[in-house]
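Contents: one structure, followed by commentary.
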Amino acid sequence: MATATPNEPHWLTAKEGEAWKRFTGMRFQLDARLDRELTGDISIQDYGVLATLSEEPAGCMRISQLATLLGWETSRLSHHLTRMTKRGLVERRPCPNDGRGSLAVVTEAGQAAIEAAAPHHVAHVRRYFIDLLSPEELEVISDVSRRVLESLHDTDPDDAGTVEPDAAPCR
Numbered sequence: 247m248a249t250a251t252p253n254e255p256h257w258l259t260a261k262e263g264e265a266w267k268r269f270t271g272m273r274f275q276l277d278a279r280l281d282r283e284l285t286g287d288i289s290i291q292d293y294g295v296l297a298t299l300s301e302e303p304a305g306c307m308r309i310s311q312l313a314t315l316l317g318w319e320t321s322r323l324s325h326h327l328t329r330m331t332k333r334g335l336v337e338r339r340p341c342p343n344d345g346r347g348s349l350a351v352v353t354e355a356g357q358a359a360i361e362a363a364a365p366h367h368v369a370h371v372r373r374y375f376i377d378l379l380s381p382e383e384l385e386v387i388s389d390v391s392r393r394v395l396e397s398l399h400d401t402d403p404d405d406a407g408t409v410e411p412d413a414a415p416c417r
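Count along the sequence shown starting at 1, add 246, and that's the number in our numbering.
Listed below in structure tokens is the structure:
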């Protein structure tokens, strides 16, 4: 077998290709199923935004930081927040620290929506993922996920890999 030159792609082996296809298929199908299973009028994307904001002590975060945590482009998040704002789930506020940035703030309606959806969502996460795995398998998946995320942060010049909390309160 000839060796690959530096300009040739380093193709996946059959086993690597199968693992990659199964991983991406699982990820897409799991997200789609969890989206269909959500109760109320929120999508899986809404759930991610609301869950992330509601985990913050003041229920808010800089939009750029939220985009980093969700793995979204800032423009995608901005458009999504516009739709969520129209539905009363979040608000945008100027950042009190510098006046340049904006904050995404979960509203009372958004908090109520995440609190109503969370028990059902967690039950489905358990049903379709957690309960299918042993504690050892969960540990391996957690470790692999951490390594991949660290690698993504380390190789993205636009992403420092850390999210600094705002010093000023949001509300």
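Glycine residues also receive a C-beta, built at the ideal position from the N, C-alpha and C atoms.
Excluding the 5 residues preceding and the 5 following residue i in the sequence, name in chain order all residues of the same chain whose CB lies nearer than 6 angstroms to its CB.
i, result
"L316", "G294"
"T408", "Here the model assigns T408 a pLDDT of 44, short of 50, so the residue's position is not dependable, and the following value carries that caveat. No residues qualify anywhere along the chain."
"A313", "T320 and L323"
Once the 5 residues before and after residue i are set aside, which same chain residues still bring their CB inside 7 angstroms of it?
i, result
"A363", "L284, T285, G286, I288 and Y293"
"G334", "T353 and A355"
"M330", "D292, V295 and V336"
"E410", "In this prediction, E410 scores a pLDDT of 45, lower than 50, which makes its location untrustworthy; no coordinate-derived value is stated."
"V394", "none"
Span of the beta strand (DSSP E) holding residue i?
i, result
"R339", "V336 to P340"
Which stretch, first to last residue, makes up the alpha helix (DSSP H) that contains residue i?
i, result
"G263", "A260 to E283"
Could you check how far apart the C-beta atoms of residue i and residue j are, in whole angstroms? I think they sit under 8 angstroms.
i, j, result
"A297", "I360", "6 angstroms"
"H484", "Q291", "Here the chain covers residues 247 to 417 and nothing more, so residue 484 does not appear."
Counting only the same chain and skipping the five closest in sequence on each side, list residues whose C-beta sits under 8 angstroms from that of residue i.
i, result
"Q275", "none"
"W266", "L258"
"L374", "Checking the displayed sequence, the identity of residue 374 turns out to be Tyr instead of Leu. The answer, listed in chain order, is L276, R279 and L280."
"S391", "none"
Any beta carbon from chain D within less than 7 angstroms of residue i's own beta carbon?
i, result
"L335", "Absent here is chain D; the protein component of the structure consists of one chain."
Is there contact here, the segment 262-282 with the segment 321-329, by at least three beta-carbon pairs under 8 angstroms? no
For the segment 333-350 against the segment 375-395, do three or more pairs of beta-carbon atoms, one drawn from each stretch, fall closer than 8 angstroms, so that the two count as touching? Cβ pair count under 8 angstroms is below three, so no.
Three-pair Cβ contact test at 8 angstroms for the segment 354-374 versus the segment 255-263: Under the three-pair Cβ rule at 8 angstroms, the segment 354-374 does not count as touching the segment 255-263.
Assess contact between the segment 340-351 and the segment 301-316, defined as three or more Cβ pairs (one per stretch) separated by less than 8 angstroms. Is contact present? yes
Runs of beta strand (DSSP E) wholly within the segment 331-394 (minimum 3 residues, chain order): 336-340 and 348-352
Tell me the start and end of each unbroken alpha helix (DSSP H) in the segment 301-333 that is at least 4 residues and wholly inside, in chain order. 309-316 and 320-332
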